[in-house]
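Numbering-wise, the working numbering comes out as the position in the sequence shown, counting from 1, plus 223.
Ideal Cβ positions, reconstructed from N, Cα and C, are used throughout, including at glycine.
Read through the structure below, which is laid out as structure tokens, and then see the notes.
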Amino acid sequence: MGIRYLHNNQIRRELWDHAVNHSLTGKIYHLSWYLDAVSPNWHALVANNYQLAMPLTWRKKLGISYLYQPLLSQQAGIFSSTAVRPDQVQEFMSSIPTRFRLAEITLNYGNPICPGPFRFQWHTTYLLRLNNSYEEIARHYSSNHRRNLQKAANRDLRFTSEINQDEFLDLLEADQSPGSKILLSDTNKPLLIRLISAMTRQRSGIIFGVRDPEGSLIAAVLTGIHRQVLYYLAPAMTNTGQEQRAMFYLIDRIIHQYAGQDYLLDFEGSDIPNVARFYKGFGPEPQSYPSMRFNRLPPLLKAVTPGRFH
């Protein structure tokens with residue numbers, strides 16, 4: 224197959240993005256501008272003039288180079304204009320340069336795996352097709368979701384997409400959830416700002432939100448848009464928003480806006496039971512995708528590295 228390892232400055236971005244946009248499984252996370260935002264020095268494995276390719280998102284810690292899955296990038300792995308075979312997955316994994324001593328990365332749903340030297344684990348995301356009418360989609364909401372939407376309907380909430388970056392960051396500051404705290408860490412906040420700026424330049428993202436009757440933003444979600452897929456990337460909500468069931472209302476309004484069109488809503492997970500239950504209440508279908516890990520460190524170092532490389 225002739226797989227080549229390319230450093231960042233060797234990657235021809237026009238060929239890369241053309242291949243992503245014409246592949247069977249290319250996602251927003253594969254696009255060069257997205258990778259530049261979340262992992263600026265990413266490398267790549269490519270074959271057949273970019274017809275098969277895979278990003279390598281990496282960094283160095285304690286003198287050790289390792290592969291990791293960047294924030295706000297649920298899936299990566301191999302994209303191709305044809306169906307990827309299990310043996311091709313194994314060949315790509317075996318072509319990861321030995322300079323990378325550790326790896327913990329996700330592939331994508333189009334990357335089939337077979338027994339071999341690498342450790343794989345399966346994860347679940349949830350996808351909601353929006354080509355049916357809103358009434359037909361809403362008919363499959365859970366009874367719990369319908370009750371919460373009725374409570375939200377009595378609050379005079381307002382759906383909006385007129386939210387700027389600073390207002391969204393302020394909302395994240397007000398959100399006390401672990402996810403928001405991770406996004407606003409000293410390491411991750413610059414990444415988030417780069418990504419929002421890149422999505423704005425590329426016209427590939429919207430911040431949807433909910434305001435209360437006084438106009439205060441009480442819930443929002445950073446949403447990526449690529450090839451008719453809406454990516455539910457980064458939600459945030461105040462305590463008031465939680466009390467008023469604003470996130471139920473927000474997702475319902477996104478569904479209402481895109482219903483009857485050839486769009487897909489990707490909830491981006493989750494393996495966390497309570498989060499998965501919330502997403503499943505809107506009636507999506509589950510989809511599995513694998514992650515891969517390896518540890519090439521000497522035995523003495525293997526015992527002390529778990530948890531240090533994230």
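Contacts around residue i, its chain only, beta-carbon distance under 7 Å, and the 5 residues preceding and following it disregarded
{"i": "S356", "result": "A482, G483"}
{"i": "S246", "result": "F302, S303, S304"}
{"i": "N231", "result": "N264, W265, H266"}
{"i": "F431", "result": "S384, A443, V444, T446, L473, I477"}
{"i": "G300", "result": "M277, T329, L330, N331, N334"}
{"i": "M460", "result": "D398, I441, A442, A469, M470"}
{"i": "R516", "result": "A326, E327, R342"}
{"i": "L395", "result": "S403, L406, L407, A459"}
{"i": "F323", "result": "W281, S288, Y289, L290"}
Contacts around residue i, its chain only, beta-carbon distance under 8 Å, and the 5 residues preceding and following it disregarded
{"i": "Q399", "result": "N462"}
{"i": "N497", "result": "none"}
{"i": "L487", "result": "L350, L351, R352, L353, Q451, V452, L453"}
{"i": "M224", "result": "A270, N271, L275, Q311, E314"}
{"i": "A346", "result": "One point to set straight first is that residue 346 is His, not Ala, in the sequence displayed. Taken in chain order, the residues that qualify are T329, G492, D494, S511, Y512, P513, S514."}
{"i": "G339", "result": "Q313, M316"}
{"i": "I386", "result": "I430, F431, G432, L440, A443"}
{"i": "Q292", "result": "T280, A299, E327, I328, T329, S514"}
Residue i, DSSP secondary structure in three states
{"i": "K581", "result": "Absent from the model: residue 581. The displayed extent of the chain is 224 to 533, so no value can be given."}
{"i": "M470", "result": "helix"}
{"i": "R434", "result": "strand"}
{"i": "G464", "result": "helix"}
{"i": "R476", "result": "helix"}
{"i": "R500", "result": "helix"}
{"i": "P522", "result": "helix"}
{"i": "A457", "result": "strand"}
{"i": "I429", "result": "strand"}
{"i": "P529", "result": "For P529, the predicted model reports a pLDDT of 49, less than 50, meaning its position is unreliable and no value from the coordinates is stated."}
Bounding residues of the beta strand (DSSP E) (the contiguous stretch that carries residue i)
{"i": "Q510", "result": "508-518"}
{"i": "H449", "result": "440-449"}
{"i": "R227", "result": "227-229"}
{"i": "L285", "result": "Where L285 is concerned, there is no enclosing beta strand (DSSP E), given that its DSSP letter is neither H nor E."}
{"i": "L487", "result": "487-489"}
Cut-off 6 Å between Cβ atoms - residues of its own chain near residue i, not counting five sequence neighbours on either side
{"i": "M316", "result": "F341"}
{"i": "S318", "result": "I226, L268"}
{"i": "Q297", "result": "E491"}
{"i": "R236", "result": "S255"}
{"i": "R308", "result": "none"}
{"i": "T423", "result": "none"}
{"i": "L258", "result": "W265, P278"}
Paired residues, beta bridge with residue i - DSSP
{"i": "L290", "result": "W281, A326"}
Residue span of the alpha helix (DSSP H) that contains residue i, given as start and end
{"i": "H241", "result": "236-244"}
{"i": "L407", "result": "Neither: L407 is in no alpha helix (DSSP H) and is coded neither H nor E."}
Distance cut-off 8 Å: residue i Cβ against heavy atoms of the ligand NAD
{"i": "L392", "result": "Here there are no bound small molecules, and the ligand NAD is not part of this structure."}
Residue ranges of each alpha helix (DSSP H) run of no fewer than 4 residues wholly in the segment 294-369, ordered along the chain? 309-317, 357-361
Going residue by residue through the segment 373-402, where are the continuous alpha helix (DSSP H) segments of at least 4 residues, counting only ones entirely within it? 388-397
Length-filtered (3 minimum) beta strand (DSSP E) runs lying within the segment 251-280: 266-270, 275-279
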